[in-house]
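Colleague: Those protein sequence lines, which keep their order, are chains A and B.
In terms of the working numbering, the first sequence opens at residue 68 and continues consecutively.
In terms of the working numbering, the second sequence opens at residue 20 and continues consecutively.
Even glycine gets a Cβ: it sits at the ideal position worked out from N, Cα and C.
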Amino acid sequence: MTELLTAVSIGAGNGSVYALLALGFVIIYKAMSVISFAQPAFMLSGAVLVSHLSPRMGFVAAVVVGTIAIAVVALVVERVAVRPMVGKAVFVIAIITIGIDIVVRVVAGAFVGVDPRTIGDPWGLDVTTIGGVQVQHRHIAAFVVTGLVVALLFAFFRFTRMGLAMRATALDQEAAMAQGVDVGRVFAVSWALAGALAAIAGVFASAGNPIDQNLWIIALTALPVIILGGLDSLGGAVLGGLVIGIVQAVVSTYHSTWFPFLDTNSGAIVPYVLMLLVLLVRPQGLFGTKEVERV
Amino acid sequence: MLAVNNLEVVYDDVVVALRGVSIEVPDGRIVALLGANGAGKSSLLRSLSGLLDVHHGEIRKGGITLDGESVDSLRPAQLAKRGIKHVLEGRRIFKELTVEENLRVGAHAAPRDAGDNMTRVFDLFPRLVERRQQTAGYLSGGEQQMLAIGRALMSGPRYLLLDEPSLGLAPRVVGQIRDIIVEINSQGTGVLLVEQNATMALSIAHHGYVMETGRVVMDRPASELLADDDVREFYLGIGGDEERTSFRDVKHYRRRKRWAS
Ligand SMILES: Nc1ncnc2c1ncn2[C@@H]1O[C@H](COP(=O)(O)OP(=O)(O)OP(=O)(O)O)[C@@H](O)[C@H]1O
Ligand SMILES: [Mg+2]
């Protein structure tokens, strides 16, 4: 039982990272109907930038500054490389975002260096025992911070002028324009938000370990997450992230008992298997709008 | 004054929708714009609100001026700020947002006056008050049209461009919409009213234009249009004895008849 609960706590921590990344994908998708494959690069850049900043200004300040900086980078990238392509076929734009991802990742990778870098987080691999269950601090932190970020995001979309304009644009772009909404600004803000979310995800994905050049592979797990949750659903992104994180951690923990005949850990395929199962029952994902999947 | 001068509009570089259209919308007046399907009415409104681009349309010749200043290169957001608000054909409310959220989006171009304008809109449409927190998609057709108009009024526009507000509504509701347009106009907003329902439009308009295949074919005070035999026959369905596809046909037919008699 404690083994299971430990697995769940790991899953909630990893799932939080997936949720943050998935939120970024969904926000951009809702604004432009495009899946941006540049998210992994912003994730890696965020982690690398924080690792350089934290010796100078301390970890918390480094995360705040790093997140804002990556948001600005994403905003500039959108303006320079994506905006001129608006109006082109959706897959053309998606391929352009793959190009952006590679360029940004190469640049960020240059700052990783040969020695192992850490983001300078205070948690390391420390553990607290709650009711006999060992829970890692970094997983608690990821979960709590993600909860806070999600609450802020929902408040932004509910109460602010820009947030409301973004929801309106997602529902009917022309009608939103007729109200005076500047759709270009909606695109820019959606990229900035997605960049910031990816940077925070990068921080938690690197907590406790040296930064890995292959960190971005984690970001790809956000793809089955958004399909599972529903491409246009913010709530679906959060829940999908947590569900996939937890199931993955549980399967990884019991792997050798359940699948003794498999050498490689089956945890890696969990997101895709879950995605397929959900799609068989609900083609629009758990919380997605019906029309969306027809686009 | 909002003025369109000799405007030529083309979609996808090939489809010519407007061929040299000139109209004027003076402040505080109601101007009716009539015409059969495909005459170019919506295209004209899109030119005024900057929404041609969304449809891959562009202005080829001519221009639009607001108080003498050229505004045809402005973006929709800028035009909304200058007080030109377009209520799209088919209402196009944000169905998944609440009534109040729809109105708040309508205030996007003038956030500071949102409070006052919300009060004004609720005065005009008391029915929306009760449904404030309701999801807009569940409103009736008439209520959705009221919400669409109310949303446009949320930034206190100088000119309201209405694209077929009576479309698909019951006669009683059409009457309510007509009264509301008069009320909005009496509060000082200029209205450009595109309508298939010519009787309704001409009964409240000061001036009227009739369009056909991208051209203005009549430009008269509304009362004269309402009295004009050709207009009555073709648009009001009074006196015609044959199905006709074009206003011009009516004219030729009548001319021939007059000439022959
Ligand atoms: N998005 C578009 N792309 C290409 N052609 C278009 C587009 N919108 C309109 N047109 C064409 O432009 C012409 C004028 O259309 P418009 O919609 O302005 O007419 P309308 O008077 O509003 O008609 P209706 O009464 O049917 O609304 C038509 O020939 C139409 O086919
Ligand atoms: Mg039309």
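Find the nearest neighbour of residue 172 of chain B within the set B:138, B:197, B:194, B:193, judged by alpha-carbon distance.
Modeller: Taking the second sequence and counting its residues from 1, one reaches residue 172 of chain B at position 153. Of B:138, B:197, B:194, B:193, the residue nearest in Cα terms is B:138.
Colleague: Beta-carbon distances below 7 Å to any heavy atom of ligand 2 define the shell here; list its residues in chain order, please.
Modeller: Ordered along the chain, the selected set is B:60, B:61, B:108, B:182, B:183, B:213.
Colleague: Could you check if residue 57 of chain B belongs to the surroundings of ligand 1, using beta carbon to heavy atom distance under 7 Å?
Modeller: For the purposes of this step, residue 57 of chain B is taken as residue 38 along the second sequence, with counting starting at 1. Residue 57 of chain B: yes, Cβ under 7 Å from ligand 1.
Colleague: Would residue 188 of chain A and residue 203 of chain A be called neighbours here (beta carbons separated by less than 8 Å)?
Modeller: Along the first sequence, one-based indexing puts residue 188 of chain A at 121. Along the first sequence, one-based indexing puts residue 203 of chain A at 136. The answer is no: Cβ separation not under 8 Å.
Colleague: Between the Cα of residue 384 of chain A and those of A:352, A:270, A:142, spot the shortest distance and give me the residue it belongs to.
Modeller: A query on residue 384 of chain A cannot be resolved here, the shown segment of chain A reaching from 68 to 362 and no further.
Colleague: How would you write the range of the alpha helix (DSSP H) that residue 241 of chain A sits in, first residue to last?
Modeller: Numbered from its first residue, the first sequence carries residue 241 of chain A at position 174. Unbroken alpha helix (DSSP H) run through residue 241 of chain A: 240 to 245.
Colleague: Could you check the C-alpha separation between residue 271 of chain B and residue 229 of chain B for me, to the nearest Å?
Modeller: As a working mapping, residue 271 of chain B is identified with position 252 in the second sequence. As a working mapping, residue 229 of chain B is identified with position 210 in the second sequence. Its pLDDT being 49, under 50, residue 271 of chain B is placed unreliably by the model, and nothing is read from it.
Colleague: What are the residues in the region 57 to 73 of chain B lying within 7 Å of chain A by C-beta distance?
Modeller: The residues in question are 68, 70, 73.
Colleague: What's the gap between the Cα of residue 45 of chain B and the Cα of residue 231 of chain B?
Modeller: Taking the second sequence and counting its residues from 1, one reaches residue 45 of chain B at position 26. Taking the second sequence and counting its residues from 1, one reaches residue 231 of chain B at position 212. Their Cα atoms are separated by approximately 22 Å.
Colleague: Give the range of the alpha helix (DSSP H) segment to which residue 338 of chain A is assigned.
Modeller: Stepping through the first sequence from its first residue, residue 338 of chain A is reached at position 271. Per DSSP, residue 338 of chain A belongs to the alpha helix (DSSP H) from 337 to 348.
Colleague: Alpha carbon to alpha carbon, how far is residue 104 of chain B from residue 277 of chain A? Give it in angstroms, no decimals.
Modeller: Translated into the one-based positions of the first sequence, residue 277 of chain A becomes position 210. Translated into the one-based positions of the second sequence, residue 104 of chain B becomes position 85. Rounded to the nearest angstrom, the two C-alpha atoms are 55 Å apart.
Colleague: Are the Cβ atoms of residue 291 of chain A and residue 313 of chain A separated by less than 8 Å?
Modeller: Counting from one through the first sequence, the residue named residue 291 of chain A turns up at place 224. Counting from one through the first sequence, the residue named residue 313 of chain A turns up at place 246. Against a cut-off of 8 Å, the Cβ pair of residue 313 of chain A and residue 291 of chain A comes out as no contact.
Colleague: Could you name the residues of chain A that residue 226 of chain B contacts, counting a contact when the two beta carbons are closer than 8 Å?
Modeller: Locating residue 226 of chain B in the second sequence gives position 207, where the first residue counts as 1. Residues of chain A passing the Cβ test: none, with the nearest at roughly 24 Å.
Colleague: Residue 51 of chain B and residue 179 of chain B - do their beta-carbons sit closer together than 8 Å?
Modeller: One-based indexing of the second sequence puts residue 179 of chain B at position 160. One-based indexing of the second sequence puts residue 51 of chain B at position 32. No; because the gap between Cβ atoms is not below 8 Å, this pair is not in contact.
Colleague: Tell me whether residue 39 of chain B, by its Cβ, gets closer than 7 Å to a heavy atom of ligand 1.
Modeller: Position 20 of the second sequence holds residue 39 of chain B. No, the beta carbon of residue 39 of chain B sits no closer than 7 Å to any heavy atom of ligand 1.
Colleague: Look at the Cβ atom of residue 236 of chain A, then the Cβ atom of residue 217 of chain A, and state whether they are nearer than 8 Å.
Modeller: Stepping through the first sequence from its first residue, residue 236 of chain A is reached at position 169. Stepping through the first sequence from its first residue, residue 217 of chain A is reached at position 150. The answer is no: Cβ separation not under 8 Å.
Colleague: If you drop the 5 nearest sequence neighbours on each side, which residues of the same chain put their C-beta closer than 7 Å to that of residue 268 of chain A?
Modeller: Along the first sequence, one-based indexing puts residue 268 of chain A at 201. 84, 87, 88, 110, listed in sequence order.
Colleague: Would you call the region 279 to 286 of chain A and the region 97 to 112 of chain A touching, i.e. three or more CB-CB distances under 8 Å?
Modeller: The region 279 to 286 of chain A is in contact with the region 97 to 112 of chain A.
Colleague: Helix or strand or just coil, what does DSSP make of residue 55 of chain B?
Modeller: If you number the second sequence from 1, residue 55 of chain B lands on position 36. Coil at residue 55 of chain B, not helix or strand.
Colleague: Check each candidate in B:200, B:133, B:196, B:163 and name the one with the smallest Cα separation from residue 174 of chain B.
Modeller: Here the question's residue 174 of chain B lines up with position 155 in the second sequence. Of the candidates B:200, B:133, B:196, B:163, the one whose C-alpha sits nearest the C-alpha of residue 174 of chain B is B:133.
Colleague: List the residues of chain B whose Cβ lies closer than 9 Å to the Cβ of residue 231 of chain A, in chain order.
Modeller: Walking along the first sequence from the start, residue 231 of chain A turns up at place 164. Under the 9 Å cutoff, chain B gives 116, 120, 123, 124, 127.
Colleague: Flag this pair as yes or no: are the beta carbons of residue 140 of chain B and residue 122 of chain B separated by less than 8 Å?
Modeller: For this step, residue 140 of chain B is matched to residue 121 along the second sequence. For this step, residue 122 of chain B is matched to residue 103 along the second sequence. Yes. Within cutoff.
Colleague: Give the residues from the region 297 to 322 of chain A that approach chain B closer than 8 Å (Cβ to any Cβ), ordered along the chain.
Modeller: Here the close residues number zero.
Colleague: At a cut-off of 7 Å, is residue 54 of chain B close to ligand 1 when judged by its beta-carbon and the heavy atoms of the ligand?
Modeller: On the second sequence, residue 54 of chain B is found 35 positions in, with the first residue counted as 1. Yes, ligand 1 has a heavy atom inside 7 Å of this Cβ.
Colleague: Taking 7 Å as the cut-off, does the CB of residue 228 of chain B come closer than this to any heavy atom belonging to ligand 3?
Modeller: Ligand 3 is not part of the structure shown, which contains ligand 1 and ligand 2 as its ligands.
Colleague: With a Cβ-Cβ cutoff of 8 Å, do residue 363 of chain A and residue 177 of chain A count as a contact?
Modeller: As displayed, chain A neither begins before 68 nor continues past 362, which places residue 363 of chain A out of reach and without an answer.
Colleague: If you draw a straight line from the C-alpha of residue 144 of chain B to the C-alpha of residue 165 of chain B, how long is it?
Modeller: For the purposes of this step, residue 144 of chain B is identified with residue 125 of the second sequence, where counting begins at 1. For the purposes of this step, residue 165 of chain B is identified with residue 146 of the second sequence, where counting begins at 1. Answer to the nearest angstrom: the Cα atoms are 7 Å apart.
Colleague: Using alpha carbons as the reference points, say which of B:167, B:32, B:47, B:53 lies closest to residue 218 of chain B.
Modeller: Along the second sequence, read from residue 1 onward, the residue named residue 218 of chain B stands at position 199. Comparing Cα positions, the closest option is B:53.
Colleague: Mapping the DSSP letters down to three states, classify residue 97 of chain A as helix, strand or coil.
Modeller: For the purposes of this step, residue 97 of chain A is taken as the residue at position 30 of the first sequence. Three-state result, residue 97 of chain A: helix.
Colleague: Do the region 196 to 203 of chain B and the region 150 to 158 of chain B make contact, defined as three or more Cβ pairs closer than 8 Å?
Modeller: Contact fails: fewer than three Cβ-Cβ distances are below 8 Å.
Colleague: Between A:355, A:68, A:144, which has its C-alpha nearest residue 199 of chain A's C-alpha?
Modeller: Locating residue 199 of chain A in the first sequence gives position 132, counting from the first residue. With distances taken between Cα atoms, residue 199 of chain A lies closest to A:68.
Colleague: Give the interface partners of residue 200 of chain A over in chain B, defined as CB-CB distance under 7 Å, in chain order.
Modeller: In the first sequence, residue 200 of chain A corresponds to position 133, counting from 1. Neighbours of residue 200 of chain A on chain B: none; closest Cβ ~41 Å, over 7 Å.
Colleague: With H, G and I counted as helix, E and B as strand and the rest as coil, what does DSSP make of residue 79 of chain B?
Modeller: Residue 79 of chain B sits at position 60 when you count from the first residue of the second sequence. Strand, per DSSP.
Colleague: Quick one: what does DSSP say residue 237 of chain B is sitting in, helix, strand or coil?
Modeller: Taking the second sequence and counting its residues from 1, one reaches residue 237 of chain B at position 218. Residue state, collapsed to three classes: strand.
Colleague: Pull the bridge partners of residue 230 of chain B from the DSSP assignment, please.
Modeller: Taking the second sequence and counting its residues from 1, the one referred to as residue 230 of chain B is at position 211. Residue 230 of chain B is bridged to B:54, B:235.
Colleague: Would you decide whether residue 240 of chain B is buried or exposed? Buried here means 16 or more other CB atoms lie within 10 Å of its CB.
Modeller: Taking the first residue of the second sequence as position 1, residue 240 of chain B is located at position 221. Exposed is the call here.
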